[in-house]
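Quick note on this note's numbering: the sequence shown kicks off at 4 and runs consecutively.
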Amino acid sequence: MRTRKDAWRLGVVLFEDFELLDVCGPVEMFALAERRFDISLIGPQAGPVRSAQGPSLMADLGYGEAGTVDIVLVPGGIGTRRLVEDEGFIGWLAGWASRGEGPYVTSVCTGAGVLARAGLLNGYPATSNKFAFDWARSQSDQVQWVRSARWVANGRRWTSSGISAGIDMALALIAELYGDEMASRVATAAEYVWNRDPTVDPFAGVTLAADH
4 MRTRKDAWRL GVVLFEDFEL LDVCGPVEMF ALAERRFDIS LIGPQAGPVR
54 SAQGPSLMAD LGYGEAGTVD IVLVPGGIGT RRLVEDEGFI GWLAGWASRG
104 EGPYVTSVCT GAGVLARAGL LNGYPATSNK FAFDWARSQS DQVQWVRSAR
154 WVANGRRWTS SGISAGIDMA LALIAELYGD EMASRVATAA EYVWNRDPTV
204 DPFAGVTLAA DH
């Protein structure tokens, strides 16, 4: 049962060296949606979790304390390279993200690689950060990887490209759940120019030596 009428429970997964904007960008959008989302940050344990950029965010709960949610959000960041090798974490994520009636399972950037390693994208189309796309793709050959996309939505599986693309995906998910007018109000409140077309991906052909 949701904790507030018409509110979706959103669980954001934190881990050491997560990408800060991957979390804060989408969370800002959901938080501006007129109290329609109950947001929890979930880390290895309750308390500070250090981002790849240095500042920490405070996890509300540890992984083992996380209850059923309606939306799972997994960010990217250099920490995903270690995370996919953590069998305990991958097993927890696969089970937690499958609880209840089947939550929306979403990712930003290389978070898609984590979802793929956990088997949560099997049979689905998905995208990831273009500058780490091959790494994400290497996590599973059972995913229909889409290189050119700002975000990809298929049923309850939503994945976005690099970093700022998570903001566009979050707005699109708000539109899915509450309508385009609500999402437009959120974008306006944030003074953000929302890219509404998931196929418009100006970075798909860019080559850059980067690691996220």
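Glycine included, C-beta positions come from ideal geometry on N, C-alpha and C.
Could you work out which residue in Val203, Ala55, Arg84, Leu76 is closest to Ala135 when comparing CA atoms only? The closest CA to that of Ala135, considering only Val203, Ala55, Arg84, Leu76, is found on Arg84.
Using only the alpha-carbon positions, how far apart do Gly98 and Asp200 sit? The straight-line gap from Cα to Cα measures roughly 32 Å.
Taking all protein chains shown into account, do 16 or more other C-beta atoms lie within 10 angstroms of the C-beta of Arg120, making it buried, or fewer, making it exposed? Burial call: buried.
Please tell me whether Gly80 and Phe33 are closer than 7 Å, where the distance is taken between their beta carbons. Not a contact, by the Cβ cut-off of 7 Å.
Relative to the C-alpha of Ile42, which candidate in Asp63, Val209, Gly91 has its C-alpha closest? Nearest option by C-alpha distance: Asp63.
Distance check for Glu68 and Val75, CA to CA, integer angstroms please. Between Val75 and Glu68, the C-alpha separation is close to 15 Å.
According to DSSP, is Phe92 helix, strand or coil? DSSP places Phe92 in helix when its eight states are reduced to three.
Pair within 7 Å by beta-carbon distance, Leu13 and Phe40: Result yes, Cβ atoms of Leu13 and Phe40 sit closer than 7 Å.
Suppose you measure from the CA of Ala10 to the CA of Ala36; what does that come to, to the nearest Å? In a straight line, the C-alpha of Ala10 is about 10 Å away from that of Ala36.
Continuous alpha helix (DSSP H) assignments of at least 4 residues falling wholly in the segment 8-64: Correct list: 23-34.
Is it buried or exposed, Thr71, if we count other Cβ atoms within 10 angstroms and call 16 or more buried? Thr71 comes out exposed.
Nearest CA to the CA of Ala130: which residue from Arg102, Gly169, Tyr107? It should be pointed out that residue 130 corresponds to Thr in this sequence rather than to Ala. Closest in alpha carbon position to Thr130, among Arg102, Gly169, Tyr107, is Gly169.
How would you label Ser141, buried or exposed, when you count the other beta carbons within 10 angstroms and need 16 or more for buried? Exposed, because fewer than 16 other Cβ atoms sit within 10 Å of the Cβ of Ser141.
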